[in-house]
Amino acid sequence: MNELFLKELTGLLGEDAVRREEPMALHTTFRIGGPAQVYAVPPDADRFRQAAVLCRERGVPFYIVGKGSNLLVSDEGVRGVILSTENAEKASVDGTRMTAEAGISLAKLARLAKQASLTGLEFAAGIPGSLGGAVTMNAGAYGGEMKDVLTGATVLASDGTVHRLSVEELDLGYRTSRIQTGGLIVLEAELRLREGDPEAVQARMDELAYQRRSKQPLEYPSAGSMFKRPAGYFAGKLIDDAGLRGFAVGGAQVSEKHCGFVVNRGGATARDVLTLCDEVSRTVYEKFGVRLEREVRYLDRI
Ligand SMILES: Cc1cc2nc3c(=O)[nH]c(=O)nc-3n(C[C@H](O)[C@H](O)[C@H](O)COP(=O)(O)OP(=O)(O)OC[C@H]3O[C@@H](n4cnc5c(N)ncnc54)[C@H](O)[C@@H]3O)c2cc1C
């Protein structure tokens, strides 16, 4: 990456917003990952968009990170620019419609919905991701998914143009979307909720938070469910039935509390996690003939 580009980037975003050789372990919920050559945190949504366009125009590889809660970054780190949506978090409510920038956390968005007496987003309150990440992954939990509440999103295409896509055009499927397959970037998303009683909304969020705390190993760093749910099965149950509860490689372990989670018990490397996943997939396939597919995205090059 040449110095001229870095000058342009810091000119656009400010010195403090551009860090070199930033450990990605600081920016992923797994607490794993080597350095990003450049880690940039644009101060607002507009400069986030401009930074992405600048990278594309200059041919500099870049990758978007929201809350890093579905991401495993290689131990060697990545060359190129990581662009964080962290400061793109404005949101507004108009009747039953909400519009929000990509970096807002789902927890904050769910709180805003409650304050506006809107129901429908309770399922997402405990998912530790950003709105942009949730659209990209079509995040879901407890019978709800982003597809149910989204009406559309404003996206940046690879040619630098901005488009509004309807929910149908987003092509949301089980943990997939056109954002992933089409190389798009979510700038903003719109949701339609329903009028509700804030107390009932809070009660439902509390109940789901309790279920998460009691069933999930939230006391250890992880990226949530490691594998997608294979059709007709539950990954956690297959892993448990294969005798792999607590199975560990280095600092990575199949959670003893919830076998669908791989947790970082301290000092886990990305290599530990990948080796563990390969071993788990191999054993489950041998025992049950079911192929497990990783849900967590692995980033080793941009
Ligand atoms: C404890 C725990 C519990 C979890 N529970 C759930 C759950 O119940 N349901 C569920 O679905 N998931 C769950 N997850 C996984 C994760 O929180 C979701 O997938 C979430 O939507 C990811 O959002 P993020 O902002 O962290 O995305 P990141 O991890 O930062 O990124 C994930 C992918 O999305 C891309 N991306 C992020 N933002 C954008 C953007 N603006 N435009 C384009 N691409 C973008 C990234 O490039 C990357 O490929 C859990 C994770 C943890 C750690």
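Quick note: the sequence shown uses this note's numbering, first residue -5, plus one each step. We put the beta carbon where it would ideally sit given N, CA and C, even for glycine.
Is it the case that the CB of S63 approaches a heavy atom of ligand 1 more closely than 8 Å? yes
Measure the C-alpha to C-alpha separation of E289 and V32 and round it to an integer number of angstroms. 26 Å
Which same chain residues end up closer than 7 Å to D69 when comparing Cβ atoms and leaving out the 5 residues on each side of it in sequence? G28, T263, A264 and R265
Given this structure, state the Cα-to-Cα distance separating L150 from E2, to the nearest angstrom. 20 Å
Given this structure, state the Cα-to-Cα distance separating N(-4) from A46, to the nearest angstrom. 16 Å
First and last residue of the alpha helix (DSSP H) that includes R73? First-last for R73: V72 to S78, but that is the beta strand (DSSP E), not the alpha helix (DSSP H).
Given F241 as reference, the closest of L0, S275, V180 and L112 once Cα atoms are compared: S275
Segments assigned beta strand (DSSP E), at least 3 residues, entirely inside the segment 88 to 145: 91 to 95
Got a sec, what are the start and stop residues for the alpha helix (DSSP H) Y279 sits in? For Y279, the enclosing alpha helix (DSSP H) covers residues A264 to F282.
Answer with buried or exposed for Y168, where buried requires no fewer than 16 other C-beta atoms within 10 angstroms of its C-beta. exposed
Please name the residue or residues paired with P29 in a DSSP beta bridge. P17
Could you check whether A217 and L65 sit closer than 9 Å to each other, using their CB atoms as the reference points? Taking 9 Å as the Cβ cut-off, L65 and A217 qualify as a contacting pair.
Quick check on the DSSP output: the alpha helix (DSSP H) that includes L181 runs from which residue to which? Careful: L181 lies outside any alpha helix (DSSP H), inside the beta strand (DSSP E) at I179 to R186.
Burial state of Q210 (16 or more Cβ within 10 Å): buried
Is it buried or exposed, L108, if we count other Cβ atoms within 10 angstroms and call 16 or more buried? The question names Leu, but residue 108 in the sequence shown is Lys. Buried is the call here.
With respect to 8 Å, is the separation between the Cβ of G299 and the closest non-hydrogen atom of ligand 1 below this value? In the structure as shown, the chain starts at -5 and stops at 296, and residue 299 therefore has no counterpart that could be examined.
I think P192 touches F24, with their Cβ atoms under 8 Å apart; what is that distance to the nearest whole Å? Not really, about 34 Å apart at Cβ, beyond 8 Å.
C-alpha gap between P17 and I26, whole angstroms: 9 Å
Within 10 angstroms of its Cβ, does R295 collect 16 or more other Cβ (buried), or is it exposed? exposed
Supposed close pair T93, E182 - CB separation, criterion 8 Å: 6 Å
Out of A101, R50 and M140, which has the shortest C-alpha to C-alpha gap to P122? A101
In the DSSP assignment, find the unbroken beta strand (DSSP E) run with F255 in it and report its ends. F255 to N258
In chain order, what residues of the same chain have a beta carbon less than 8 Å from the beta carbon of K251, not counting five sequence neighbours either side? K209, Q210 and P211
Considering only C-alpha positions, which residue in the set G244, A104, F282 and Y204 is nearest to D234? F282
Is it buried or exposed, L187, if we count other Cβ atoms within 10 angstroms and call 16 or more buried? buried
Contact set for Q247: own chain, Cβ-Cβ below 6 Å, skip 5 residues either direction: V257 and R259
Would F117 and G134 qualify as a contact pair, given that the criterion is a beta-carbon distance under 9 Å? Taking C-beta atoms as the reference points, F117 and G134 count as a pair closer than 9 Å.
Do T148 and L164 have their beta-carbon atoms positioned less than 9 Å apart in this structure? no
Cβ distance (whole Å) where A119 is taken to contact I76 below 8 Å: Contact flag wrong, Cβ pair sits at about 27 Å.
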